[in-house]
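Beneath this line is the structure, given in C-alpha cells, with notes to follow.
Protein chains in written order, with the numbering used here: chain Z, 18 to 70; chain W, 47 to 388.
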C-alpha cells in the first residue's frame, strides 16, 4: 500500500511490477510504479503531442 | 406498502411514480391531480404507458396509505399535513412546507405564517448524508429543494473540516434546468423564451437560501440562473479559505464525508474531458457528483455539485429517504446509472 501523490488516497499496487501504469481509483490520475520495495508511485508521464514522430 | 402520490401530474410526481412502479416493496394504489382527474396516467406521463393503468383522482379522494408522497406546490401541504399524518404511515413532503425548523422563516421566505409550527420540529430534513439516523423510522420527511441539496452536499465537508471561513458569506451560483420550474411554469418557460436562455431569475433572495443556511450554519449569498437544459442543477459555491490548504486536504475532507455514501461521488479528475461535476451525465440517476477547486491566489475554495434536479433534487432523494425510514435497502429502486451520452 502507498498513497496517491495527487489525492492522498490509499492505492494498492498488489503484484504490480516496476513500470506498470494504473489509475488511482479516487481521482483517476494515471500512476506509474517506480519501485516495488518499498512501493513507490508517481504521476505517470504524459506523452507529448508529437509522440512517435 | 400501499403507496399514494398526491400531485402526481407534475414532473416530480411523474418521476416519483416511475420510481415507485419499479420498486419491489411499493404498490402504487392512488395518484392524484385536480387538473387531470379522470385521465389515464399515460396521457400525462407518456413514458409510463404500458407501465400502469392508474387514473388520476382529485386530491380530496386520496385515501390513507402506508406511504404518501406529497408533490404539490409550496404552501399547499401546510394545512392538510395533520390529516395525511393521521393515517400513521410514512409521509414524504416534497414541497417546502416542512423543511425549515424556524417558523419565522416562513413569512420571510414564503410569505405565509406556518399553520402547524409543531410539525416543523417533528419533520426530518431529508438529506440522508447528514440525517440518516434521524430518518430511520421517521414518519414526516421534508425533502430538500434541488438547489439546496446540491449546495449543502458541496459545502458541508468544507464546514465539517473547518477549511473555509464560516464568518464570511459564501456565494452560491446555481444553474438549473427548465424542469425545476415545474409543469405549470407559465410563459417564461415557453420554448422561444427558454431555449438558449442563461437567465438570472433570482440574483438575490432565492428561497432555498434558508435551507442551505439551516444545514450548513453559513451565511449564504445565492444567485440562481435558468439555463437551457431540461434537467440538472449545477451549484458552484465560492468560499473564503480558512487558511492555507491544498488539494490533498480537500480530498481528505470530501473523502471523509462521502467515501461510504452510495449516491455521492467525488469528481476531481486532473485529466480527461469530465474533470468536474456536470449534471448532463446524471440525467435519471440519483447520484450527486461533488467536486472542488482551489484558488490560492485569491484565497478561495470553490465547491461544486451537480445533480438531476428531479432525482437527487426531488423524487430520487425522496425514495432514498423512504428506503431508510422504512428499513428497505437504501439503494433499492434507484440503481439506474444515468445516460451517456445524453
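All C-beta atoms in this analysis are idealised placements derived from N, C-alpha and C, irrespective of residue type, glycine included.
Might you give, ordered along the chain, the residues of its own chain that have their beta carbon closer than 7 Å to the beta carbon of residue i, omitting 5 neighbours on each side?
i: residue 270 of chain W; result: 193, 220, 222, 247, 248 and 252
i: residue 125 of chain W; result: 161
i: residue 200 of chain W; result: 281, 283, 336, 349, 350 and 351
i: residue 358 of chain W; result: 195, 309, 332, 333 and 334
i: residue 81 of chain W; result: 55
i: residue 75 of chain W; result: 48, 49, 50 and 111
i: residue 61 of chain Z; result: 38, 47, 48 and 49
What does the alpha-carbon distance come out to for the pair residue i and residue j?
i: residue 261 of chain W; j: residue 173 of chain W; result: 9 Å
i: residue 340 of chain W; j: residue 197 of chain W; result: 17 Å
i: residue 382 of chain W; j: residue 122 of chain W; result: 31 Å
i: residue 23 of chain W; j: residue 134 of chain W; result: Residue 23 of chain W is absent from the model: chain W starts at 47 and stops at 388.
i: residue 167 of chain W; j: residue 180 of chain W; result: 12 Å
i: residue 322 of chain W; j: residue 263 of chain W; result: 26 Å
i: residue 39 of chain Z; j: residue 298 of chain W; result: 21 Å
i: residue 115 of chain W; j: residue 63 of chain Z; result: 52 Å
i: residue 245 of chain W; j: residue 146 of chain W; result: 27 Å
i: residue 101 of chain W; j: residue 58 of chain W; result: 17 Å
i: residue 136 of chain W; j: residue 367 of chain W; result: 10 Å
i: residue 292 of chain W; j: residue 347 of chain W; result: 10 Å
i: residue 380 of chain W; j: residue 231 of chain W; result: 27 Å
i: residue 69 of chain W; j: residue 216 of chain W; result: 39 Å
i: residue 156 of chain W; j: residue 24 of chain Z; result: 42 Å
i: residue 307 of chain W; j: residue 315 of chain W; result: 19 Å
i: residue 206 of chain W; j: residue 294 of chain W; result: 16 Å
i: residue 46 of chain Z; j: residue 303 of chain W; result: 21 Å
i: residue 361 of chain W; j: residue 296 of chain W; result: 30 Å
i: residue 64 of chain W; j: residue 356 of chain W; result: 12 Å
i: residue 319 of chain W; j: residue 305 of chain W; result: 23 Å
i: residue 149 of chain W; j: residue 163 of chain W; result: 6 Å
i: residue 59 of chain Z; j: residue 327 of chain W; result: 30 Å
i: residue 183 of chain W; j: residue 384 of chain W; result: 29 Å
i: residue 233 of chain W; j: residue 227 of chain W; result: 11 Å
i: residue 202 of chain W; j: residue 286 of chain W; result: 14 Å
i: residue 365 of chain W; j: residue 62 of chain W; result: 8 Å
i: residue 237 of chain W; j: residue 48 of chain Z; result: 47 Å
i: residue 127 of chain W; j: residue 279 of chain W; result: 29 Å
i: residue 44 of chain Z; j: residue 177 of chain W; result: 27 Å
i: residue 325 of chain W; j: residue 353 of chain W; result: 5 Å
i: residue 265 of chain W; j: residue 259 of chain W; result: 6 Å
Could you name the residues that DSSP lists as bridge partners for residue i?
i: residue 221 of chain W; result: W:271 and W:280
i: residue 35 of chain Z; result: According to DSSP, which records beta bridges pairwise, residue 35 of chain Z is partnered with nothing at all.
i: residue 247 of chain W; result: None, per the DSSP bridge assignment.
i: residue 86 of chain W; result: W:101
i: residue 350 of chain W; result: W:282 and W:337
i: residue 76 of chain W; result: W:50
i: residue 40 of chain Z; result: Z:47
i: residue 266 of chain W; result: W:216
i: residue 139 of chain W; result: W:116 and W:188
i: residue 311 of chain W; result: W:335
i: residue 327 of chain W; result: DSSP output for residue 327 of chain W lists no bridge partner at all.
i: residue 210 of chain W; result: W:287
Going by DSSP in three states, residue i sits in which element: helix, strand or coil?
i: residue 190 of chain W; result: coil
i: residue 321 of chain W; result: coil
i: residue 173 of chain W; result: coil
i: residue 47 of chain Z; result: strand
i: residue 95 of chain W; result: coil
i: residue 338 of chain W; result: strand
i: residue 197 of chain W; result: helix
i: residue 355 of chain W; result: coil
i: residue 155 of chain W; result: helix
i: residue 53 of chain Z; result: strand
i: residue 118 of chain W; result: coil
i: residue 362 of chain W; result: helix
i: residue 287 of chain W; result: strand
i: residue 60 of chain Z; result: strand
i: residue 108 of chain W; result: coil
i: residue 260 of chain W; result: helix
i: residue 301 of chain W; result: helix
i: residue 68 of chain W; result: coil
i: residue 295 of chain W; result: helix
i: residue 20 of chain Z; result: strand
Note down, in chain order, each residue of its chain lying with its Cβ closer than 6 Å to the Cβ of residue i, except the 5 sequence neighbours on either side.
i: residue 30 of chain Z; result: 50 and 56
i: residue 378 of chain W; result: 369
i: residue 224 of chain W; result: 235, 240 and 276
i: residue 53 of chain W; result: 59, 117 and 118
i: residue 33 of chain Z; result: 50
Could you check how far apart the C-beta atoms of residue i and residue j are, in whole angstroms? I think they sit under 8 Å.
i: residue 49 of chain W; j: residue 72 of chain W; result: 5 Å
i: residue 209 of chain W; j: residue 288 of chain W; result: 6 Å
i: residue 120 of chain W; j: residue 143 of chain W; result: 6 Å
i: residue 187 of chain W; j: residue 66 of chain W; result: The Cβ separation is near 15 Å, so there is no contact.
Please work out which residues of its chain come closer than 8 Å, Cβ to Cβ, to residue i, disregarding the five sequence neighbours upstream and downstream, and give them in chain order.
i: residue 154 of chain W; result: 256
i: residue 42 of chain Z; result: 26 and 28
i: residue 78 of chain W; result: 50, 51, 52, 53, 54, 102, 103, 104, 105, 107 and 108
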